[in-house]
Structures are given as C-alpha cells and as structure tokens.
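Asker: In my numbering, the protein residues as written are 9 to 295. Even for Gly, the Cβ is constructed at its ideal location relative to N, Cα and C. This is the structure I have questions about; it appears just below.
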Amino acid sequence: MVKLADEDIKTREVLDWKGLHVFHFIFSSCSQKLRIFLALKGVDYESHEIDLMTNENLKDYFLGINPRGLLPAIVHDGDVHIESNDILTYLESVYPEPRLIPEGAEDEVAALLKHEDDLHLDLRALSFRFVFNPPHDPKSPEDLEIYATTGSGTVNGQKDERVGVEIDFWETYADRGITDDVAQAAAEKFRKVFSELDATLADQEHLLPDGLSVLDIAWFIYANRLTLAGYPIARLHPNLGAWYTRMEEMPEIAREITLPPPVKEKFDATRAQHVADGVNLEAVAGL
Ligand SMILES: N[C@@H](CCC(=O)N[C@@H](CS)C(=O)NCC(=O)O)C(=O)O
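Here it is, written out as structure tokens:
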C-alpha cells in the first residue's frame with residue numbers, strides 16, 4: 009500500500025488535516041473509480057479538485073502532496089495515500105461496509121487490479137486520440153522540467169521512477185501524438201482483456217461470483233472511457249455489454265459518469281467526425 013512517508017511530503021499543512029480529503033478531477037478515470045467507491049460506501053469527504061487541463065497537478069502545492077503528480081490522492085487523518093487501487097484497498101479496511109473486496113479474495117483482487125493499472129497508459133492513449141475535444145494539450149518542456157524537479161521526488165523515502173515514465177509519455181505525445189500503431193496495440197490489449205471478462209460474465213452477474221466488487225467499478229470505468237472512444241463493447245463482447253448497461257444504471261455510478269454539457273456534445277461530435285473521416289477507433293484498430 010502506498011502510504012507516503014513524512015519525508016515524501018513537502019506540503020506540510022496536510023499532515024494536520026483531520027477526516028477524509030480527496031484530490032481528484034472530474035474527467036480523471038482513476039478519480040471516477042474512487043468517487044464511485046466512496047458513493048457506494050456512503051462515505052462523505054472533503055473534495056479538492058485539481059484541474060488536469062491547466063496542469064494544476066504540476067504546481068508546488070500538489071507535487072508537495074503527491075510527488076508523482078497523479079490523481080487521485082487522499083489525505084486521511086494526516087496520512088497521504090496515493091495510487092487509486094491502493095487507496096481503494098486502504099479505504100476498504102477503514103469503511104468495511106458494504107464489502108467491495110470479498111473476504112478471502114484479497115490476493116485475487118489485488119492481482120486483477122494490478123492488471124487494470126498496467127493498462128492505464130493504454131487507456132490514456134485511446135482517450136487522447138479518440139475522446140478529448142479539444143485534444144489534450146501536450147505538456148511543454150518547461151512543464152516537464154517542473155515535473156521532474158518539484159516535490160520530494162521520493163515515495164517512501166526512495167527515489168521514485170514513476171515521474172520518469174510519465175515524462176516519457178508526455179514527451180512522446182508532444183513529439184508524435186498518439187500514432188495508429190500505439191492506438192492499435194492499446195485496442196488489442198483491451199480486446200483481449202474484455203474477451204476474458206466477457207467469458208467470466210457468461211454465467212455470473214458480476215466479475216466476482218460473490219457480487220459487486222471493486223473489480224466491477226474499476227473495469228466499468230475503463231469500459232465507459234472506451235465506449236466514449238467508440239469501442240464497440242456490446243458488439244464484440246455481448247455479456248460485457250449487458251453488464252455495462254446494468255452497471256451504468258446504478259445511481260452512484262450514473263452520477264459520476266454523466267458528462268456536463270457541452271462536453272458530451274463535443275465528445276459525440278468528435279466521434280461523428282472521426283467516423284466521417286474514417287479515422288475512428290474501429291477503423292484504425294480494425295475492430
Ligand atoms: N496508477 C495511478 C494512475 C493515476 C493517473 O495516471 N492519473 C491520471 C488521471 S486518470 C493523472 O493524474 N494524469 C496526470 C496528467 O494528466 O497530467 C493510479 O491508479 O492512481
């Protein structure tokens with residue numbers, strides 16, 4: 009679990025905060041996952057929105073809380089926790105009801121959540137190429153210099169490599185955008201994992217036999233983002249498509265994925281334009 013050490017945290021005021029504070033952004037998929045989890049648990053929290061569109065995550069203040077500069081992050085009674093899946097696992101122990109990680113399935117859930125996290129940059133690539141309108145601005149060399157040099161640069165006292173991975177992503181994005189090859193490789197990974205999930209859902213309602221769990225929340229968020237990207241879930245994976253429809257009707261979920269106007273209209277227009285130009289996800293990835 010990634011609870012930061014005292015020396016990792018430069019924004020010292022948070023060490024005195026009481027209660028649960030959540031740093032998040034409306035369109036951040038990992039933030040949506042955390043907000044749905046908290047809504048299902050019925051847990052109130054103090055909300056701190058960090059605007060990823062204006063690089064607020066690269067300001068001293070936020071890098072002083074999460075040296076990785078990523079959302080979400082939480083402060084709970086003065087402790088800082090980062091990494092969305094670690095945050096969910098931690099909060100499950102603080103707020104055990106209703107259970108969203110079944111007893112005895114902790115290791116299996118951890119392995120499957122790691123699989124989900126490993127695909128995060130693929131999800132980001134498909135989001136940037138096929139969803140966002142206007143496209144996400146690249147980060148400038150000056151922004152990336154700030155990213156590399158601000159905050160403690162450590163997680164649990166050790167030099168953290170994650171910022172380097174992020175900077176690589178942003179440099180490649182500034183240089184080449186998201187190429188067809190990158191989009192195809194990402195779509196192929198999702199097709200594989202969605203086929204596996206589809207097989208699991210052939211004879212059960214949720215991804216674990218015991219009922220709704222963090223796995224449903226985590227994969228639903230990915231499926232939602234890919235739907236916005238134009239991935240044909242119901243056509244390629246009928247059981248997953250039916251599960252998706254059941255999940256999106258839950259009020260705790262619907263609230264977090266509803267796009268405010270004019271964002272939905274812009275995303276719809278982007279997809280329609282991509283289809284008209286023959287550069288939509290289905291065409292590019294041969295789905
Ligand atoms: N492994 C991390 C991934 C977090 C992540 O990449 N978050 C994105 C938003 S979904 C972010 O903060 N991006 C920073 C940016 O866009 O500058 C987690 O699960 O928390």
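Just to confirm before moving on: does the CB-CB distance between V163 and V83 stay below 8 angstroms?
Answerer: Cβ atoms of V163 and V83: not closer than 8 angstroms.
Asker: What does the alpha-carbon distance come out to for the pair T208 and R20?
Answerer: Their backbone Cα atoms lie some 46 angstroms apart in a straight line.
Asker: State buried or exposed for E91, treating a residue as buried only when at least 16 other CB atoms are found within 10 Å of its CB.
Answerer: So E91 ends up on the buried side.
Asker: Should S203 be labelled buried (16 or more other beta-carbon atoms within 10 Å of its own) or exposed?
Answerer: Per the 10 Å Cβ criterion, exposed.
Asker: Is the CB-CB distance between S39 and H32 below 8 angstroms?
Answerer: Yes; because the gap between Cβ atoms is below 8 angstroms, this pair is in contact.
Asker: With distances taken from each beta carbon to the nearest heavy atom of ligand 1, which residues come in below 6 angstroms, in chain order?
Answerer: This selection yields S36, S37, C38, L60, N65, L78, L79, E91, S92, N93, D125 and H128.
Asker: Following the continuous alpha helix (DSSP H) through F136, name the residue where it begins and the one where it ends.
Answerer: From DSSP, the alpha helix (DSSP H) with F136 extends over H128 to F138.
Asker: What did DSSP end up calling K200 once you bin it into helix, strand or coil?
Answerer: Correct three-state label for K200: helix.
Asker: Give me the Cβ distance between R199 and L295, rounded to the nearest whole Å; I'm assuming they're in contact under 8 angstroms.
Answerer: The Cβ separation is near 7 angstroms, so the contact holds.
Asker: Measuring CB to CB, does L48 end up less than 8 angstroms from E257?
Answerer: No. Outside cutoff.
Asker: Can the beta-carbon of L215 be found less than 8 angstroms from the beta-carbon of D224?
Answerer: The answer is yes: Cβ separation under 8 angstroms.
Asker: Would you decide whether R184 is buried or exposed? Buried here means 16 or more other CB atoms lie within 10 Å of its CB.
Answerer: With fewer than 16 Cβ atoms within 10 Å of its Cβ, R184 is classed as exposed.
Asker: Could you round the C-beta distance between I265 and Y252 to whole angstroms and report it? I think they count as a contact, below 8 angstroms.
Answerer: With a Cβ gap of about 11 angstroms, I265 and Y252 do not count as contacting.
Asker: Taking only the alpha-carbon atoms, compute the straight-line gap between A166 and D14 and give it to the nearest angstrom.
Answerer: First, the residue type needs correcting, since residue 166 is Gln and not Ala in the sequence shown. The straight-line gap from Cα to Cα measures roughly 12 angstroms.
Asker: Considering only DSSP beta bridges, list what D94 is partnered with.
Answerer: BP columns for D94 are empty, so no partner.
Asker: So, are the CB atoms of F275 and V139 less than 8 angstroms apart?
Answerer: Yes; because the gap between Cβ atoms is below 8 angstroms, this pair is in contact.
Asker: Please classify F31: does DSSP put it in a helix, a strand, or coil?
Answerer: Three-state DSSP puts F31 in a strand.
Asker: Once DSSP output is grouped into helix, strand and coil, what is the label at D87?
Answerer: Strand.
Asker: Given this structure, state the Cα-to-Cα distance separating P142 from E111, to the nearest angstrom.
Answerer: So the alpha carbons of these two residues sit roughly 44 angstroms apart.
Asker: For G159, count the other beta carbons within 10 Å of its own beta carbon; 16 or more makes it buried, fewer makes it exposed. Which is it?
Answerer: Per the 10 Å Cβ criterion, buried.
Asker: Secondary structure at K11, three-state DSSP: helix, strand or coil?
Answerer: Strand, per DSSP.
Asker: According to DSSP, is T278 helix, strand or coil?
Answerer: Correct three-state label for T278: helix.
Asker: Please report the Cβ distance between A182 and L289, rounded to the nearest whole angstrom; I am assuming they are in contact, meaning their Cβ atoms lie under 8 angstroms.
Answerer: A182 to L289, Cβ: 22 angstroms. No contact.
Asker: In chain order, which continuous runs of the beta strand (DSSP E) of length 3 or greater are located wholly inside the region 117-196?
Answerer: Listed in chain order, there is nothing to give.
Asker: Give the DSSP-derived three-state secondary structure of E105 in the structure shown.
Answerer: The answer is coil: DSSP assigns E105 none of H, G, I, E or B.
Asker: By Cβ distance, which residues of its chain are closer than 7 angstroms to Q151, with the 5 residues on each side in sequence left out?
Answerer: Strictly speaking, residue 151 in this sequence is Asp, with Gln absent from that position. N63 and L66.
Asker: In terms of residue numbering, what span does the alpha helix (DSSP H) encompassing E290 cover?
Answerer: Per DSSP, E290 belongs to the alpha helix (DSSP H) from L289 to A293.
Asker: In the DSSP assignment, find the beta strand (DSSP E) that holds D54 and state where it starts and stops.
Answerer: Residue identity check: residue 54 is Glu in the sequence provided, not Asp. Unbroken beta strand (DSSP E) run through E54: E54 to E57.
Asker: Would L96 and V222 qualify as a contact pair, given that the criterion is a beta-carbon distance under 8 angstroms?
Answerer: Against a cut-off of 8 angstroms, the Cβ pair of V222 and L96 comes out as a contact.
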